[in-house]
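Residue numbers (the working numbering), protein chains in the order written: chain A, 1 to 114; chain Y, 1001 to 1115.
Below: the structure, in structure tokens.
Rendered as structure tokens:
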């Protein structure tokens, strides 16, 4: 069965601090996809990254970076030098190949204080 | 290019009333989804569709029905609304290729309150 755990319910940091959001997943499939989405206070869901199970390279996009480790079934998300605009709820999601379905974690609310 | 749109944005229903939420996408996506979002529970899949004329149950389908008569539209119906269906509803769509999962594009959400 698929499962995504985001154990951090809420994190508060001061602006310019680095912060890591944890995502641990469970799957019995060898081919799967992992995603991160951002939900700012306005409510829309914004896609951030997609990663397949065969690509374990870490990815960096500006202040955002992602660490994918199959050995620990984790796909963690780091924001470097956080800004107030990073305040949002962040969701991690998992989709097994061919299932058409996506399983979302319960989300981590990040508050960046000025 | 509007992406994914949802109608209405807000609605208040009395228990027992019915309503239909409309989702439309202009990206020619095969797959479409309906989720509900409740505090502390993330997004839960209600129903989904892998193509025109097809629908399937998700994690929490009870009390809802769906139809996909046209590729670009996915309707979610509540036949007899209950207070437990108070939630924010999101529609999403994604591209399709056998064996591959693509990112989903979400609508702005519909906030439904059932009193």
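Every residue gets a Cβ at the ideal spot worked out from N, C-alpha and C, and that includes glycine.
- Sequence-ordered contacts of the stretch 55-82 of chain A with chain Y are nonexistent [C-beta pairs closer than 9 Å].
- In this model, residue 1023 of chain Y and residue 1013 of chain Y are separated by some 19 Å (Cα to Cα).
- Exclusion of the five residues before and after residue 5 of chain A leaves 24 and 105 as the residues of its chain whose Cβ lies within less than 7 Å of its Cβ.
- By the CB criterion at 8 Å, residue 1101 of chain Y and residue 90 of chain A fall outside the cutoff.
- Between the C-alpha atoms of residue 1108 of chain Y and residue 37 of chain A there is a straight-line separation of about 14 Å.
- Closer than 8 Å to the CB of residue 30 of chain A there is not a single CB belonging to chain Y.
- Excluding sequence positions up to five before and after residue 1054 of chain Y, its CB lies within less than 7 Å of the CB of 1068, all in the same chain and listed in chain order.
- Interface flag for residue 1050 of chain Y against chain A is set, since a Cβ pair is found closer than 8 Å.
- In this structure, residue 1050 of chain Y places its C-beta atom within 8 Å of the C-beta atom of residue 1031 of chain Y.
- Looking at Y/1061, Y/1095, Y/1098 and Y/1088, the one whose alpha-carbon comes closest to that of residue 39 of chain A is Y/1088.
- Not one beta carbon of chain Y lies nearer than 8 Å to the beta carbon of residue 10 of chain A.
- Within chain Y, 1040, 1041 and 1042 have C-beta atoms less than 8 Å from the C-beta of residue 106 of chain A, given in sequence order.
- Contact check for residue 1045 of chain Y against residue 101 of chain A passes: the beta carbons are separated by less than 8 Å.
- For the options Y/1001, Y/1002 and Y/1009, the alpha carbon positioned closest to that of residue 1090 of chain Y is the one of Y/1009.
- Secondary structure at residue 1050 of chain Y: coil, using DSSP grouped into helix, strand and coil.
- Following the DSSP letters along the chain, one finds residue 48 of chain A inside the beta strand (DSSP E) bounded by residues 46-52.
- With fewer than 16 neighbouring CB atoms inside 10 Å of its own CB, residue 54 of chain A falls in the exposed class.
- By the rule that beta-carbons nearer than 8 Å mark a contact, residue 1104 of chain Y touches chain A.
- Taking CB atoms only, residue 1067 of chain Y has no neighbour in chain A less than 8 Å away.
- Within its own chain, the residues whose Cβ lies closer than 6 Å to the Cβ of residue 1104 of chain Y, once the five positions on either side in sequence are excluded, are 1092 and 1094, listed in chain order.
- Interface criterion not met: the Cβ of residue 1020 of chain Y is under 8 Å from no Cβ in chain A.
- Rounded to whole angstroms, the gap between the alpha carbons of residue 83 of chain A and residue 1112 of chain Y is 32 Å.
- Counted as a single uninterrupted DSSP element, the beta strand (DSSP E) harbouring residue 94 of chain A occupies residues 88-96.
- Of the residues A/14, A/72, A/76 and A/29, the one whose Cα lies closest to the Cα of residue 35 of chain A is A/76.
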